[in-house]
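Novice:
Chains as they are written, first to last, in this note's numbering: chain W, 86 to 431; chain A, 14 to 349.
1) Name, please, each residue of chain A whose Cβ falls closer than 7 Å to the Cβ of residue 153(W).
2) Of all the CB atoms in chain W, is at least one closer than 8 Å to the CB of residue 73(A)?
3) With which residues is residue 72(W) paired in a DSSP beta bridge?
4) Evaluate contact between the region 86–96 of chain A and the region 136–152 of chain A, counting only Cβ atoms and requiring at least three cross-stretch pairs below 8 Å.
5) Which chain A residues sit within Cβ distance under 8 Å of residue 322(W)?
6) Along chain A, in chain order, which residues have C-beta atoms closer than 9 Å to that of residue 375(W)?
7) Residues of chain W with a CB under 7 Å from the CB of residue 127(A): which are they?
8) Could you tell me whether the Cβ of residue 218(W) comes closer than 8 Å to any Cβ of chain A?
9) Are three or more beta carbon pairs between the region 122–136 of chain A and the region 302–319 of chain A nearer than 8 Å?
10) In chain order, what residues of the same chain lie with their CB nearer than 6 Å to the CB of residue 45(A), ignoring the 5 residues before and after it?
11) Spell out whether any CB of chain A is found under 8 Å from the CB atom of residue 122(W).
12) Closest Cβ-Cβ distance between residue 104(W) and chain A: below 8 Å?
13) Candidates 163(W), 144(W), 207(W), 101(W): which alpha carbon is nearest residue 190(W)'s?
14) Residues of the region 109–143 of chain A with a CB closer than 9 Å to any CB of chain W: list them in chain order, please.
15) In this structure, what does DSSP give as the bridge partners for residue 179(A)?
16) Less than 8 Å between C-beta atoms, sequence neighbours within five positions excluded: which residues of the same chain meet that for residue 193(W)?
17) Could you tell me which residues DSSP pairs with residue 257(A) in its beta bridges?
18) Would you mind working out which of 225(A), 110(A), 252(A), 218(A) sits nearest residue 78(A), comparing C-alpha positions?
19) I'd like to know whether the C-beta of residue 11(A) is nearer than 8 Å to at least one C-beta of chain W.
20) Quick check on residue 71(A): does DSSP put it in helix, strand or coil?
21) So residue 140(W) packs on residue 335(W), CB below 8 Å; how close in whole Å?
22) Hey, how far is the Cα of residue 250(A) from the Cα of residue 291(W)?
23) Might you give, ordered along the chain, the residues of its own chain that have their beta carbon closer than 7 Å to the beta carbon of residue 207(W), omitting 5 neighbours on each side?
24) Check whether the region 168–186 of chain W and the region 355–369 of chain W are in contact - that is, three or more C-beta pairs closer than 8 Å.
25) My parser needs the alpha helix (DSSP H) runs of 4 or more residues fully inside the region 103–154 of chain W; what are they?
26) Using the three-state DSSP reduction, which class does residue 159(A) fall into: helix, strand or coil?
27) Taking the Cβ atom as the reference point for each residue, do residue 255(W) and residue 134(W) lie within a distance shorter than 8 Å?
28) Using a beta-carbon distance below 8 Å, is residue 271(A) in contact with chain W?
29) Does any C-beta atom of chain A lie closer than 8 Å to the C-beta of residue 215(W)?
30) Please report the straight-line C-alpha distance between residue 252(A) and residue 379(W), rounded to a whole angstrom.
31) Can a CB atom of chain W be found closer than 8 Å to the CB of residue 33(A)?
32) From the DSSP output, in three-state form, read off residue 341(A) for me.
33) With a threshold of 8 Å between beta carbons, is residue 395(W) in contact with chain A?
34) Among 113(W), 212(W), 225(W), 213(W), which one has its Cα closest to the Cα of residue 320(W)?
35) Closer than 7 Å between beta carbons: that is the criterion. Which residues of the region 275–295 of chain W meet it against chain A?
36) Is there a Cβ from chain A that is less than 8 Å from the Cβ of residue 109(W)?
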């Protein structure tokens, strides 16, 4: 019975990453109990808001089996532009709209390049990444955007029940997104990622869905840029550089497969918490945070390899069961196996 | 017939790259006559030799249908290995270089092992690898008690000379290194059985496996080769700059992939050539160099490179679509 429960837990990808977060935090808590103080946990959570939004956005692209490495630059560009607007006294709503507009345009360029010019997603997003990053330099002239009004910076400190307003927004987006992914239109993302030919044949609008995935990813990146401005308080021309890789790593940690069709948004948010807390955990374990990259890389590789091996194991097992079911000799075990299969399914 | 047309198409793309290269020389020559001085023109390779060397070997990885975004971080790791082995461990500098190459190979082998034998997506493993190896480089720097931003310097004269010598006062030795690397990569990919197997793995791994080729081993070896290439680039960079630092090569990932793809390698695998990659890395390098000589700020240089990448690949995508439709029309006519 226990083994069946264990399997179920592994099958639910979001749950397994939740357990991983809990085990990781408990282990750190064993070494340094200060880490498990509520205030510290909340601080860790709130610090991960930018990555949470980036991961939620890029999840949509990853579900369809594509990849988007331009979100770091989009975040930087929207942060630079909106910060300049806010500094110059324009209304915040206007800055927000401009940021969203930037996101939509970048997403459309990525999506249309992919669908209409047949450019692989990694290449088109690589191209937009360097172009948009260059635009940040052109726009800011290579200077920092500073002297933002205190009121806007204070926005990132507004809290309800210990969780910042920004994180509530991220949580609401996560819930809304999860709900959306369970509607027929949302299921299309998974269908395309799982089997694009099959999805085309049963009449799923592949082009529209993929383009909207890229638009969603870029829009969330530019909204994350707004939050970045408020949290950090200034924007450098390299703001958000390399964030795309961290967001992808967060999604992978949260159980989203890069080959598409598997995963959920809860996992993406949990992964972003892991990614953002590694540096903090190291400090609490009295290591230098210089080991950040080493630990992140190790975690990523270990989790992914274990996950791949487990998956192969289950695939092998089902294949063996099927073979047994086909052979006459296996007919005796067959009935037993199919029964246990049904139990598994339930 | 098919073979001839395929060869024509391949040469066509390489001719296009050569034309682009000549066009660059002419345009930048007009913009700034100093660009045409042989010393400046040939000396420019010092700026982008790492991209050239690494992209040659990453081409092989991408031909197998894989992806390698960790090569940039191996550059920093190998650089710091050279420094620490020489200064802290007191080894001969050339022995230290051998250790750096071995280190790069091990990194490649490790990632390649997980990709080939555990069947994890290459992008994910090399993403983890890029965090891990650059993190390791920083950790080694800390353990060796070297200041991160200063790095290790004061290398012996012979080591510095190795990449700063100029033949006939014009050709820097890095051109010779680049040519040797092209020859090695060309022979591996185009003149050996191993090279043919690399293509076959990219075209259809299952078919290759069924015809008795150890595809997993071959895929693992391509990652090891790209690790070696990155380590060599790290050594050249260390020698040229006279400093060993952990953050060398941090920004190289995107230019490398750009060079490989612009060189005509299909990101889905099974197609590509060393000559194409070599030419395209020169095109990208010269463009960056020429634009900065023409007065463009270094930070803006990514824009034209990105635009060229998208246009080149987009045009090729459209072209392939056109060819495909013509091909299907022909086959339809034949059938009827």
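No residue lacks a Cβ here, since even glycine has one placed at the ideal position from N, Cα and C.
Specialist: This is what the structure gives:
1) Those within 7 Å of residue 153(W) in chain A number zero; the least Cβ separation is about 12 Å.
2) no
3) Lying outside 86 to 431, the shown extent of chain W, residue 72(W) is not represented and no answer is given.
4) yes
5) 312
6) 148, 151, 152, 154, 155, 161
7) 386, 390
8) yes
9) no
10) 306, 307
11) no
12) no
13) 163(W)
14) 123, 124, 127, 131, 132, 133, 134, 136, 137, 138, 140, 141, 142, 143
15) 185(A)
16) 296, 299, 300
17) 165(A)
18) 218(A)
19) Nothing about residue 11(A) can be reported from this structure: the residues present for chain A run from 14 to 349 only.
20) helix
21) 4 Å
22) 46 Å
23) 152, 154
24) no
25) 123–132, 134–148
26) coil
27) yes
28) yes
29) yes
30) 26 Å
31) no
32) The predicted position of residue 341(A) is uncertain, since its pLDDT is 46 and thus under 50; a value taken from the coordinates is nonetheless stated next. If DSSP states are grouped into helix, strand and coil, residue 341(A) belongs with the helices.
33) no
34) 225(W)
35) none
36) no
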